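First comes the structure, then the notes that go with it.
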Amino acid sequence: MKRYRLFLVAVVSMLISSCSGPGEQALSPAEFDEAIRNDADAVVLDVRTPREYAGGFIERAQNLDFNNSNFSSVADGLDKNKTYYVYCLVGARSADAATYMRSHGFTSVYELKGGITAWQQHNLPLVQAGQARLRTDAVSMDAYRAIIASDTAVLIDFYAPWCGPCKRLEPILHEFGREHNGRLKIVRLNIDESKELAGALGITQIPLLKLFKNGEEKWSYLGLLDKATLEAGTVQHL
């Protein structure tokens, strides 16, 4: 029996060790606050929706909505050697986001245990939308270049939530992407959230579609189009 207990303790110790490697850390609000204050080069990511973010966010936080279909494409364009502090409302989305990032080569990712809800319960400060300029660089030029450099064809859809033709185009793109899954990635970029990128690219009208492969633009279309026109312009490049 004594041997069995010793064996059980050893197994449990190994399991704990294997599940708590460096970089896989959930920090308390106080630890999270101290960490970001002492690491000026770290990146703070708020993975809630833009509406949640606008209601108040932790200072220095960039908004990268985990539930947006663009999350993986934008995240993959970030510097994987930097340290990231990730949070959401209660901790579920940030845990999923952190898991994704670690599994895709990010070397140092920390989560806020209990999310921004726990942060507020500890009376820690939030920046309100009226107290700071809302970010207009959700997708940086470096991240954009990383997205279009893929050897799989990438169709960029520049859009805005208020754009009627953009809304009518969305289901067409969704169906087209499903039909060509594995040969094509569709990335929707909200120009309201990435105004600096849109300005640098000279984008003044939407919806605008651009198809890239290995960083080279293969096709472009301005305005609403039907599926047949989309297929005629893109399929040959997939």
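Heads up: the sequence shown is residues -22 to -1, 1 to 216, going by mature numbering (1 follows the signal peptide of the UniProt record, and there is no 0).
For every residue, glycine included, the Cβ atom is placed at its ideal position computed from N, Cα and C.
Treat the numbers as computed from the prediction; the structure is a model and nothing was measured.
Nearest neighbour of residue i, chosen from the options [CA to CA]
i, options, result
"Asn168", "Val64, Phe154, Asn159, Cys144", "Cys144"
"Glu148", "Ala70, Glu12, Thr61, Asp204", "Asp204"
"Arg26", "Lys58, Ala138, Asn46, Tyr62", "Asn46"
"Leu5", "Tyr31, Asp24, Arg29, Tyr63", "Tyr63"
"Phe136", "Glu153, Gly92, Ser172, Ala39", "Ser172"
"Asn48", "Asn59, Ala39, Ala75, Val22", "Ala75"
"Lys163", "Leu133, Arg146, Glu157, Asn192", "Leu133"
"Arg29", "Ala131, Leu102, Gln98, Pro139", "Pro139"
"His152", "Leu208, Gly180, Trp97, Phe190", "Leu208"
"Lys58", "Thr77, Thr85, Leu23, Ala70", "Thr85"
Own chain residues within Cβ distance below 7 angstroms of residue i, not counting five before or after
i, result
"Leu200", "Gln183, Leu186"
"Gly211", "Trp197, Tyr199"
"Val52", "Leu42, Val117, Ala121"
"Asp54", "His82, Ala124"
"Ala73", "Glu89"
"Met119", "Leu175, Ala178"
Residue i versus residue j - alpha carbon distance
i, j, result
"Arg166", "Glu37", "27 angstroms"
"Arg80", "Val87", "7 angstroms"
"His100", "Leu67", "14 angstroms"
"Ala20", "Gly155", "35 angstroms"
"Phe44", "Gly177", "25 angstroms"
"Arg161", "Glu12", "44 angstroms"
"Met18", "Leu216", "Position check: residue 18 holds Ala in this sequence, whereas Met was assumed. Computed Cα separation, rounded: 42 angstroms."
"Leu104", "Gln3", "22 angstroms"
"His158", "Trp97", "43 angstroms"
"Ala206", "Ala127", "26 angstroms"
Residue i beta carbon near the ligand ZN (any heavy atom closer than 7 angstroms)
i, result
"Tyr62", "Looking for the ligand ZN in the displayed structure turns up nothing, as the structure carries no ligands at all."
Residues that DSSP places opposite residue i in a beta bridge
i, result
"Tyr78", "Its beta-bridge partners do not exist; DSSP assigns none."
"Lys163", "Val132"
"Glu89", "Ala4, Val64"
"Gln40", "Leu23"
"Ser198", "Lys188"
"Phe35", "Val105"
Beta-carbon contacts of residue i that lie in its chain and below 6 angstroms, excluding the five residues immediately before and after
i, result
"Phe10", "Leu90"
"Asn192", "Asp129"
"Ala39", "Val22, Asp24"
Own chain partners of residue i with C-beta closer than 8 angstroms, once the 5 adjacent residues on each side are dropped
i, result
"Cys141", "Ile184, Pro185"
"Leu189", "Ala131, Val132, Leu133, Ile134, Glu195, Lys196, Trp197, Ser198, Gly211, Thr212, His215"
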